[in-house]
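The structure appears below as structure tokens.
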Ligand code: ZN
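In my numbering, the protein residues as written are 2 to 143.
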């Protein structure tokens with residue numbers, strides 16, 4: 002099996018069986034973002050407490066890249082400190098630049114192929130931009 006096939010399977014698995022899909026009621030920071038060029042929309046909800054991403058969930062609709070990325074991101078950042086989560090977002094940006102990057106949450110590497118399709122990079126980074134916004138928002142408001 003080629004690496005591309007393996008990566009495609011990982012992406013489709015997250016797309017068809019998204020992790021952390023849903024919403025939270027109380028005390029959640031909500032960030033709504035969309036990617037008009039593709040029609041992706043995501044609403045990210047996070048429970049942020051004591052500098053830690055306690056919980057992350059999302060709803061939305063869009064292409065397989067945007068939704069699988071949101072599924073992986075919410076899984077990957079859960080339990081991380083703000084610094085760790087933001088650092089992971091930075092590394093994901095590097096991955097989208099085509100740089101070889103490794104993650105503790107290895108399934109993220111399945112999105113590395115997106116770097117060859119510049120039009121799709123915004124699909125993949127949508128959830129990560131929402132993560133950044135949510136953490137920055139919390140930092141400003143305590
Ligand atoms: Zn998209």
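Don't be surprised by glycine CBs; every beta carbon is placed ideally from N, CA and C.
According to DSSP, is residue 62 part of a helix, a strand, or is it coil?
It is a strand residue.
Pair every Cβ in the region 89-96 with every Cβ in the region 26-43, then say whether three or more of these pairs are closer than 8 Å.
Verdict: no, contact absent.
Rounded to whole angstroms, what's the CA-CA distance from residue 39 to residue 126? Just pull it up for me.
12 Å
Distance, Cα to Cα, residue 82 vs residue 49?
9 Å
Please go through the same chain and pick out, in chain order, the residues whose beta-carbon is closer than 7 Å to the beta-carbon of residue 133, but skip the five residues on each side of it.
87 and 90
If you run the structure through DSSP and keep just helix, strand and coil, what is residue 47?
strand
Any beta carbon of chain C sitting closer than 8 Å to that of residue 40?
This model lacks chain C altogether, as it is built from one protein chain only.
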